[in-house]
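Below is one structure, written out as structure tokens; comments come after it.
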Amino acid sequence: MTPHAEPPGAGSPDSGTPDSGTPGPATPPTATPRSLVVDRIGLLVSNDPEVGERSDVALVLEDGVVAAVLDAGSTVAADARLDAAGCCVVPGFVDSHTHLVFAGDRGDEFAARMAGAPYVAGGINVTTDATRAASTDELTALARARLAEARRCGITHLEIKSGYGLDVATERRICEAAAALTDDVTFLGAHLVPREWADRPDAYVDLVCGEMLDACAPSARWIDVFCEEGAFDPEQSRRVLEAGRAAGLGLRVHGNQLGFGEGVRLACELGAASVDHCTYLTDADVDALAASDTVATLLPATDFSTRQPYPDARRLLDAGARVAIATNTNPGSSYTSSMAFCLALAVRDMGMTVAEALTAATLGGARALRRADVGHLGLGARADAVVLDAPSPTHLVYRPGMDLIAHTVVRGEVTPSRAS
Numbered sequence: 001m002t003p004h005a006e007p008p009g010a011g012s013p014d015s016g017t018p019d020s021g022t023p024g025p026a027t028p029p030t031a032t033p034r035s036l037v038v039d040r041i042g043l044l045v046s047n048d049p050e051v052g053e054r055s056d057v058a059l060v061l062e063d064g065v066v067a068a069v070l071d072a073g074s075t076v077a078a079d080a081r082l083d084a085a086g087c088c089v090v091p092g093f094v095d096s097h098t099h100l101v102f103a104g105d106r107g108d109e110f111a112a113r114m115a116g117a118p119y120v121a122g123g124i125n126v127t128t129d130a131t132r133a134a135s136t137d138e139l140t141a142l143a144r145a146r147l148a149e150a151r152r153c154g155i156t157h158l159e160i161k162s163g164y165g166l167d168v169a170t171e172r173r174i175c176e177a178a179a180a181l182t183d184d185v186t187f188l189g190a191h192l193v194p195r196e197w198a199d200r201p202d203a204y205v206d207l208v209c210g211e212m213l214d215a216c217a218p219s220a221r222w223i224d225v226f227c228e229e230g231a232f233d234p235e236q237s238r239r240v241l242e243a244g245r246a247a248g249l250g251l252r253v254h255g256n257q258l259g260f261g262e263g264v265r266l267a268c269e270l271g272a273a274s275v276d277h278c279t280y281l282t283d284a285d286v287d288a289l290a291a292s293d294t295v296a297t298l299l300p301a302t303d304f305s306t307r308q309p310y311p312d313a314r315r316l317l318d319a320g321a322r323v324a325i326a327t328n329t330n331p332g333s334s335y336t337s338s339m340a341f342c343l344a345l346a347v348r349d350m351g352m353t354v355a356e357a358l359t360a361a362t363l364g365g366a367r368a369l370r371r372a373d374v375g376h377l378g379l380g381a382r383a384d385a386v387v388l389d390a391p392s393p394t395h396l397v398y399r400p401g402m403d404l405i406a407h408t409v410v411r412g413e414v415t416p417s418r419a420s
């Protein structure tokens, strides 16, 4: 039975409080928090050891946070009620790797790959051209539409990277547009060396570490670098990361996507919060991840789109590494906001159980962003939840391609995921 709300509210812009001590701006919520009871939950998956998994309960949300978990049908005053109709409720998905701010389309590139053309990083230049040509208003409108799509897919918090400007003015505009949507903005000026700097890559790194970083840091919490053959070598990547750290930003790395390399070990050495892709890993890479706090963020929709091998999540989990799953929403290699699709790929092709995949897409994403307020439904957590039109999370994988997101709740505000 499809759950229903009485009455539905508008979804809130992404905002929240990172772990204390982590740099970066915080955007206050724009929607007025209210009290909401999600009642008649058939199964609550909380990701919290004190709450656990519980059947036949009500979730009480007040002032944008989880206030209580009670027996279903309990009498409690609230501004609004949401009838889960016996269905499953899980924490909102935390998407720790996206590129929502861009213009243009690369459908022809995708079609060529499906016909046998190889994936190469240089396609980023196509999006860069379109993004530079777009106005700030256009970029903001496009990004807001993609955020709304992510909400309909159950994503309640996300990170947004720059990286499709690759000049000072456009990278600043992208970071500012992203900061209006989330407080987890990542400066990725080191996404690729643009055409105009092709014969002077080290000079471009100087620009990224200097004027471009100065322009983007006020809007960002993180800095990232694509440490890969065809992008930035380990020495250049280290320079970018150390410059970002000196500017007060946390560290993230794109690494080991297209082949074996030093990205994973560089991320672990420097204490990066996350290293993303992790498709090609040596035993030393796995050991480094298992011995560190750096999260291995896996992007299965990218490997689907590029025909790359899928990462071996089972190997990472068995070694004790922390794992997240993210969508990598972008126009070139992963044009999807469906976390459910990513979960299905992770279970079928990466050796994960449904429970492990769900944890990676919620609590794992929170850990990759070093946040304690999202990714779970413990008392005091941000009131972000997803009501599934299903009795359990297994159906997200069991019924691939089906729209099973009935409602997305962000800070206690309900966003219906289907047209009424």
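If you're matching positions, the sequence shown starts at 1 in my numbering and goes up one per residue. The beta-carbon is built from N, C-alpha and C at its ideal position, and this holds for glycine as well. Note that the coordinates shown come from a computational prediction; the quantities given were computed from them, not determined experimentally.
Which residues DSSP lists as bridging residue i, in chain order
i: Phe93; result: Ile155
i: Ala324; result: Thr297
i: Thr329; result: Thr98
i: Ser274; result: Arg252, Val295
i: Asp39; result: Asp83
i: Leu44; result: Arg54, Val89
i: Ala68; result: Val60
i: Arg382; result: Val65
i: Val414; result: Val409
i: Ser334; result: Asn330
7 Å Cβ shell around residue i - same chain, five flanking residues per side excluded
i: Leu299; result: His97, Asp276, His277, Ala326, Asn328, Ser334
i: Cys209; result: Arg239, Val240, Ala243
i: Phe304; result: Leu345
i: Cys175; result: Ser162, Val185, Phe187, Cys216, Ser219, Ala220
i: Ala368; result: Ser96, Ala273, Ser274, Val295, Thr297, Ala324
i: Leu270; result: Leu241, Leu251
i: Ala247; result: Leu213, Ala217
Span of the alpha helix (DSSP H) around residue i
i: Thr394; result: 394 to 398
i: Phe341; result: 339 to 349
i: Thr302; result: 300 to 306
i: Ala368; result: 363 to 368
i: Val286; result: 283 to 290
i: Ala406; result: Here Ala406 belongs to no alpha helix (DSSP H); instead the beta strand (DSSP E) covers 405 to 410.
i: Ala313; result: 313 to 319
Chain-order list of residues whose beta-carbon lies under 6 Å from that of residue i (same chain, five-residue window excluded)
i: Arg132; result: Thr170
i: Leu258; result: Glu228
i: Gly401; result: none
i: Tyr204; result: Val193, Trp197
i: Gly189; result: Glu171, Val208, Met212
i: Tyr164; result: Phe102, Thr127, Thr128, Thr131
i: Leu142; result: none
i: Ala84; result: Pro3, Val38, Arg40, Ile41, Val387
i: Ser35; result: Glu62, Ala78, Asp79
Range of the contiguous beta strand (DSSP E) that encloses residue i
i: Ser55; result: 53 to 62
i: Ala385; result: 385 to 388
Assigned exposure category for residue i - 16 Cβ within 10 Å defines buried
i: Met114; result: exposed
i: Ala103; result: buried
i: Pro49; result: exposed
i: Met350; result: buried
i: Arg252; result: buried
i: Ala148; result: exposed
i: Thr75; result: exposed
i: Thr30; result: With a pLDDT of 45 at Thr30, under the threshold of 50, the predicted position of this residue should be treated as unreliable, though the coordinate-derived value follows. When all chains shown are included, Thr30 counts as exposed.
i: Phe232; result: buried
i: Pro331; result: buried
i: Pro91; result: buried
i: Ser135; result: exposed
i: Ala77; result: exposed
i: Asp183; result: buried
i: Gly255; result: buried
Cβ-based neighbour list, residue i, same chain, cut-off 8 Å, excluding 5 preceding and 5 following
i: Val354; result: Leu343, Val347, Pro393, Thr394, Leu396, Val397
i: Gly73; result: Asp39, Arg40, Ala58
i: Glu138; result: Ala103
Original post:
Which runs of the alpha helix (DSSP H) spanning at least 4 residues fall entirely within the stretch 96 to 146, listed in chain order?
Top reply: Fully enclosed alpha helix (DSSP H) runs of 4 or longer: 107 to 114, 124 to 133.
**OP:** Counting only runs of 3+ residues fully inside the stretch 163 to 247, write out the beta strand (DSSP E) ranges in chain order.
**Re:** The stretch 163 to 247 contains, as complete beta strand (DSSP E) runs of 3+ residues, the segments 185 to 190, 222 to 227 (chain order).
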